[in-house]
Each structure stands twice: as C-alpha cells, then as structure tokens.
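Engineer: Quick one: structure below, then a few questions.
4 protein chains.
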Amino acid sequence: MPDEFQSSKPIYMQIVDKITVDIVRGKQKIGDKLPSVREMAVQMGVNPNTVQRTYSELERMGIVETKRGQGTFVVENEDLLSEVRGSLQNKIIQNFVEKMEEMGVTKQEMMAYLKQYLEEDSYDNPN
Amino acid sequence: MPDEFQSSKPIYMQIVDKITVDIVRGKQKIGDKLPSVREMAVQMGVNPNTVQRTYSELERMGIVETKRGQGTFVVENEDLLSEVRGSLQNKIIQNFVEKMEEMGVTKQEMMAYLKQYLEEDSYDNPN
Amino acid sequence: MPDEFQSSKPIYMQIVDKITVDIVRGKQKIGDKLPSVREMAVQMGVNPNTVQRTYSELERMGIVETKRGQGTFVVENEDLLSEVRGSLQNKIIQNFVEKMEEMGVTKQEMMAYLKQYLEEDSYDNPN
Amino acid sequence: MPDEFQSSKPIYMQIVDKITVDIVRGKQKIGDKLPSVREMAVQMGVNPNTVQRTYSELERMGIVETKRGQGTFVVENEDLLSEVRGSLQNKIIQNFVEKMEEMGVTKQEMMAYLKQYLEEDSYDNPN
DNA sequence: GTGGTCTAGACCACA
DNA sequence: GTGGTCTAGACCACG
C-alpha cells in the first residue's frame, strides 16, 4: 500500500475549517459581518489572497454571503447552519470510531473508556 | 510567515504511527521480526532512508529492538506495549473530547451522540 | 497583457443600447421628450456626464434630436426607426446563429430547437 | 432601476467557457489531456495562476479531472458532457428569446425571421 | 472602505 | 515534467 500519506491541509482550508466552526457554534452569529479580507489577513498572519480564497470557499459552501462593497456576512439560514453543524459533529465521531476500531477496541469498550475519561476530567472541570 | 498552521507530519513519523498501531493491536506480535529496511521501503513506497529513521525512532521509543545482523524485532515486554496502547487510546479520546468541546458539545451530549452513532452503525455491522 | 478578452462595454454605450431598444420597440414614442440629463442620471444611478455622452451618441446615430432649451426628443422619422429596429434584430439573430454554429448545431437543428423551446414555454405563457 | 451593468466576465471564466465549448462539441475528446497549466498560459497569453483557476473550476464542474503529476484530462462520462451540451444550448436559445421579446417580437415572428436569415445565408454557405 | 481579479515569481509533493 | 498553494503587489468596480 504505497502512497497514502496525508499532506497538510492547505492554509486557506484550515481557515475555512476554523471559521466554519466559529459560525456553527455561534461564535459568529447569523447576519454578523466577518472581518474584511485585509483585516483577517493580518489577524491570521497570511496574505490577503489566501483569505480571499477562504471567503470564496465559504460562499461556495453557502454559509456566508458577500455584499458588494460592504463585506462578507454569515448567511441568515439557521437550518443550513444546523445541518452543517450536524455534519461536522458526525465527522468527528466517525473519525473517533474508526481510529478506535483500528486499535481493536470494541464498541462497548469505546463507550466505557469515554465515560471513564469524562468522569476523571470532571474533578477539575465539572460540567 | 504564518506559524500557527500545521504543516504535515514528516512521513517517517506517519510510518512510526502506523507501525506502532500494528504492534500495539497485535498485528505484529511480541518477538516478531519486522520487514527489513529495504523491504519495508518497497512496501511503503518510500525511500529506505525514511524507513531507517522510522526504525530508529521506534527503537528510541523502546517498542522495537535491533539485533545486529539479524533484523529489527518487536520488544518482548507486554507491560510496555500495554502502556503504549493505553496512551494511544487516551490520545484518541482526548482529541475527540477536545474537538467536540470546541463545537460546544457537552459531555452528556458526547455520550449520547456516540451511543446513537454506534447503534445506527450496528444494523449493517453488528458487533 | 492579454488582449483577446472583452472588457466591458463603456457604461454610456450600455445606456445607449438600452434607450435605443426602448425607442425602437415603442416604449419611447416618436416625438417623445427624453428625461433631462440630470433626471436620467438619477434614474440610471450614474454621473450626468455619462448621460451627456449617451445623448450625444444617440444624436450622432440620428434617432434623437436636441432642441436648445427644450430638451432631447425621439426623432420623427418612422423609416429610420424601422431600419434601426431591423438592424438590431438582425444583430441578435446573427449572434444566436454564430453561437449555435460554434456549438456544432446545424441550421435545421436550430429551427427545431427554437420551435421546441417556444412551444414548451407556451404552457405557462401562451402567446 | 440603477445598477445592472455587466462588467466583463473574468478572464478565467472566459477560458472556462471556451474550453467547455471545445469539450462539449468534441474538439477535445473524452479522455484527452488538456495542455499543461503552463502551456495553456502561454497559448492564452495569460498568467499560469489564471489558467490554474480555470482548471480548478472545470474540475469543480466535473467535466475534467486531474491526475497528480500527470495532467488534466477530459472526464470519461459521455452522459455528463451531453447534459452540459444541452444546458449550454438552452442558455443560448433562452438568451435569444429574451432579447427578441424585449424588442417586442412575437414567437411566430422569431421563427419566421430566423428561417429567413438562415435561408439568405445559404446562398454562400449551403448546408 | 469592500470584495474580486490578475500578474510575477516562488516553493511543494507527486510520478 | 505535472497540478496546487502561497506571497507580494497591483488594479478594478462597487457603495
């Protein structure tokens, strides 16, 4: 099995992921204006073109819309955002299960280990 | 020069991870001889130097030992392997929890979502 | 410096086209007074200078005439307007045929496709 | 009605259109390799990045696929290409009908004018 | 000021 | 050699 070593995700996609999470978990609210391309470029320490590409991708995904000469805004469509949120969570769970199965862990064990981990964690950080 | 963006893990480390998993989950048993550097290089489709670095790293981690003129063998130390196995699993769980928390998911929800996912999955793939 | 790519037609020419169509299809009748340069500029959301150039061009084309102190009027020459109308229609047809030929569509097919399109369209919008 | 003047389509989209037509009408056959990004850039008198963007868009549209280190190829899916062809033709027809209607031409007249135009054209260029 | 496009030139992983 | 990403710096149309 030659040839399947992951090269790092492109920067503009890493930013896409970051912003998507921010939007989906409500850190950026519906209708909010995102920082301008140039601002965001400075914040991220990246070239404006890279951010531009990020914003294009976000628009293509439909979770952001741009108004000419005004800026880029979180789309006002709660349903879409919910859907994206669900899909992201599912991907995380799926990844987790796959990796655990690869380690030879059964489903019952996964549940047990997770429960244990969360309970230990709760002494410092009760929830 | 942005620096907060992850570049891909070096290939030799990706192979380290892969072999570690193979050993820890018993695909490579205690005392087994690993393929020679050249063989492994062919199998992985990479340069022998890369495999050499991989084996060095595995030896440094203590889960493999080289016998001059004979080859590279999985170390005969069940306790160590157990420890490594536990540590790997913990890392996977930790990563999962962090990502879910980043999405604003509470611990209760994590358990519920995972349970649901595993149950859905079981129709085709009962375990 | 690539040069074979169309840059957008100047705005004043786009307005020329628009007004020409309005006149030729009778939305602006023979002898009608066009809005003043300032009015039209507001209507179109452009600079008055731009409209000025538009009116000059329309006058050069002969389909409009300016009377000092009174305004700009559609020329009272039905024949000329007919001619312009025919020429515009011909340009549209020509453009259509060229594009279809570029797609490798034969003349018979053009007729057939157009007929089909118009008939489908007629369920909602009979004419 | 201020504000609807067409700015020229971006160069990379003009190239997209051009290549799409070439593919769809069979000038570029199924499985054919497109010129490399750099070659095409020279041919078109354009920056390689612009062509790169064109190729990305073509891939996004699904009518082209790229093989790492090998090149960009026309996708081997006759059905998809047929569909695209139909859609392009429809767009041309639709544009034609809209413009003619804007000129106050009825459907019957469109058919008649087109027929007449095609027949006149046939003296030089019989088909 | 905003987003969008384009060029020039560079570096990367891949085959 | 191929496609893909990134930077730097420029210009545009828009509100």
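Protein chains in written order, with UniProt numbering: chain A, 1 to 127; chain B, 1 to 127; chain C, 1 to 127; chain D, 1 to 127.
Backbone N, C-alpha and C fix where the C-beta goes; we use that ideal spot for every residue, glycine too.
Values in this document were obtained by computation on a predicted structure and should not be read as measured data.
To the nearest angstrom, how far is it from the Cα of Val-97 (chain C) to the Cα of Ile-23 (chain C)?
Structural biologist: Straight-line Cα distance between these residues: approximately 25 Å.
Engineer: Can you check which of these residues, D:Ser-36, D:Ile-30, D:Tyr-117, D:Pro-48, is closest to Asn-95 (chain C) by C-alpha distance?
Structural biologist: Of the listed residues, the one whose Cα sits closest to Asn-95 (chain C) is D:Tyr-117.
Engineer: Buried or exposed for Ile-19 (chain C), going by 16 or more other Cβ atoms inside 10 Å?
Structural biologist: Its Cβ being crowded by 16 or more others within 10 Å, Ile-19 (chain C) is buried.
Engineer: For Ile-63 (chain A), count the other beta carbons within 10 Å of its own beta carbon; 16 or more makes it buried, fewer makes it exposed. Which is it?
Structural biologist: Buried.
Engineer: Quick one: what's got a C-beta closer than 6 Å to Thr-54 (chain C)'s C-beta in the same chain, skipping five residues either side?
Structural biologist: Around Thr-54 (chain C): Tyr-12, Ile-15, Val-16.
Engineer: Where Lys-33 (chain C) and Ile-92 (chain C) are concerned, what is the direct C-alpha to C-alpha distance, given to the nearest angstrom?
Structural biologist: For Lys-33 (chain C) and Ile-92 (chain C), the distance between alpha carbons rounds to 27 Å.
Engineer: Name the chain A residues that come within less than 9 Å of Met-61 (chain B), Cβ to Cβ?
Structural biologist: The contacting residues do not exist; Met-61 (chain B) stays about 17 Å from chain A at best.
Engineer: Enumerate in chain order the residues of its own chain whose CB-to-CB distance from Gln-52 (chain D) is below 8 Å, with the five nearest sequence positions on each side excluded.
Structural biologist: Once the five neighbours on either side are set aside, the close Cβ partners of Gln-52 (chain D) are Val-37.
Engineer: Taking all protein chains shown into account, do 16 or more other C-beta atoms lie within 10 angstroms of the C-beta of Thr-72 (chain C), making it buried, or fewer, making it exposed?
Structural biologist: By the 10 Å Cβ count, Thr-72 (chain C) comes out buried.
Engineer: To be precise: take each residue of the segment 19-36 of chain A, compare its Cβ to all Cβ atoms of chain B, and keep it if any distance is under 8 Å. Which residues remain?
Structural biologist: For the segment 19-36 of chain A, which is checked against every Cβ of chain B, the residues closer than 8 Å are Val-21, Val-24, Arg-25, Gly-26.
Engineer: Once DSSP output is grouped into helix, strand and coil, what is the label at Val-64 (chain A)?
Structural biologist: Strand.
Engineer: Taking the alpha-carbon of Lys-27 (chain A) as reference, which of A:Asn-49, A:Leu-81, A:Gly-45 has the nearest alpha-carbon?
Structural biologist: When only C-alpha atoms are compared, the closest one is A:Leu-81.
Engineer: Tyr-55 (chain A) CB to nearest chain B CB: under 8 Å?
Structural biologist: No, Tyr-55 (chain A) does not count as interfacial toward chain B.
Engineer: With a floor of 3 residues, list each beta strand (DSSP E) that falls wholly inside the segment 70-100 of chain D, ordered by position along the chain.
Structural biologist: Listed in chain order, the complete beta strand (DSSP E) runs (minimum 3 residues) inside the segment 70-100 of chain D are 71-74.
Engineer: Is the shortest distance between the beta-carbon of Asn-77 (chain A) and the beta-carbons of chain B less than 8 Å?
Structural biologist: So, not an interface residue.
Engineer: Measuring only between beta-carbons, confirm whether Val-84 (chain B) sits less than 8 Å from chain A.
Structural biologist: Cβ-Cβ to chain A under 8 Å: no for Val-84 (chain B).
Engineer: Which residues bound the alpha helix (DSSP H) around Asp-121 (chain B)?
Structural biologist: That run of the alpha helix (DSSP H) goes 107-121.
Engineer: Roughly how many whole angstroms lie between the Cα atoms of Thr-66 (chain B) and Asn-77 (chain B)?
Structural biologist: Thr-66 (chain B) and Asn-77 (chain B): Cα-Cα distance of roughly 15 Å.
Engineer: Based on DSSP bridge pairs, tell me the residues matched to Lys-33 (chain C).
Structural biologist: Paired residues: C:Phe-73.
Engineer: For Lys-29 (chain A), is the classification buried or exposed, using 16 other Cβ atoms within 10 angstroms of its Cβ as the cut-off for buried?
Structural biologist: Under this definition Lys-29 (chain A) is an exposed residue.
Engineer: Run the CB neighbour count on Gln-70 (chain B), radius 10 Å, all protein chains shown included, and call it buried at 16 or more, exposed below.
Structural biologist: Answer is exposed; the Cβ neighbour count stays below 16.
Engineer: If you draw a straight line from the C-alpha of Met-44 (chain D) to the C-alpha of Ser-56 (chain D), how long is it?
Structural biologist: Distance between the alpha carbons of Met-44 (chain D) and Ser-56 (chain D): 17 Å.
Engineer: For Arg-38 (chain C), which three-state DSSP category applies?
Structural biologist: If DSSP states are grouped into helix, strand and coil, Arg-38 (chain C) belongs with the helices.
Engineer: Given that Met-103 (chain D) touches chain C, what residues does it touch there, using C-beta distances under 9 Å?
Structural biologist: Those within 9 Å of Met-103 (chain D) in chain C are Val-21, Val-24, Arg-25, Arg-85, Leu-88, Gln-89, Ile-92.
Engineer: Any beta carbon from chain A within less than 8 Å of Met-40 (chain B)'s own beta carbon?
Structural biologist: Answer no: the Cβ-Cβ gap between Met-40 (chain B) and chain A never drops below 8 Å.
Engineer: Check Pro-2 (chain A) in the structure and name its three-state DSSP category.
Structural biologist: Any answer about Pro-2 (chain A) is weak, because its pLDDT of 38 lies below 50 and its placement is not dependable; what the coordinates show is given next. Looking at Pro-2 (chain A) - three-state DSSP - the assignment turns out to be coil, as it is neither helix nor strand.
Engineer: Could you tell me whether any Cβ in chain B is nearer than 8 Å to the Cβ of Lys-107 (chain A)?
Structural biologist: For Lys-107 (chain A), the answer is yes, since a Cβ of chain B falls inside 8 Å of its Cβ.
Engineer: So is Ala-112 (chain D) buried or exposed if we call it buried at 16+ other beta carbons inside 10 Å?
Structural biologist: Exposed: under 16 other Cβ atoms inside 10 Å.
Engineer: Could you list which residues in chain B have their beta carbon closer than 7 Å to that of Gln-14 (chain A), in chain order?
Structural biologist: Chain B residues near Gln-14 (chain A): Phe-5.
Engineer: Report yes or no: is there a C-beta of chain D within less than 8 Å of the C-beta of Leu-58 (chain C)?
Structural biologist: Taking Cβ atoms only, chain D never reaches closer than 8 Å to Leu-58 (chain C), which makes this a no.
Engineer: Measuring straight from C-alpha to C-alpha, what distance separates Asp-3 (chain D) and Thr-50 (chain C)?
Structural biologist: Confidence is the limiting factor: at Asp-3 (chain D) the pLDDT is only 47, short of 50, which leaves the residue's position unreliable, though a coordinate-based value still follows. Cα-Cα distance, rounded: 14 Å.
Engineer: Within 10 Å of its beta-carbon, does Gln-108 (chain C) have 16 or more other beta-carbons around it, so buried, or fewer, so exposed?
Structural biologist: Answer is exposed; the Cβ neighbour count stays below 16.
Engineer: Is Val-51 (chain B) close to chain A, meaning its C-beta is less than 8 Å from at least one C-beta of that chain?
Structural biologist: Answer no: the Cβ-Cβ gap between Val-51 (chain B) and chain A never drops below 8 Å.
Engineer: Determine whether the Cβ of Leu-118 (chain B) lies closer than 8 Å to any Cβ atom of chain A.
Structural biologist: Judged by the 8 Å Cβ criterion, Leu-118 (chain B) is in contact with chain A.
Engineer: Gln-89 (chain B): which of A:Leu-114, A:Arg-85, A:Asn-90, A:Arg-68 sits nearest, CA to CA?
Structural biologist: Nearest option by C-alpha distance: A:Leu-114.
Engineer: For Gln-28 (chain D), name the three-state secondary structure that DSSP assigns.
Structural biologist: Coil at Gln-28 (chain D), not helix or strand.
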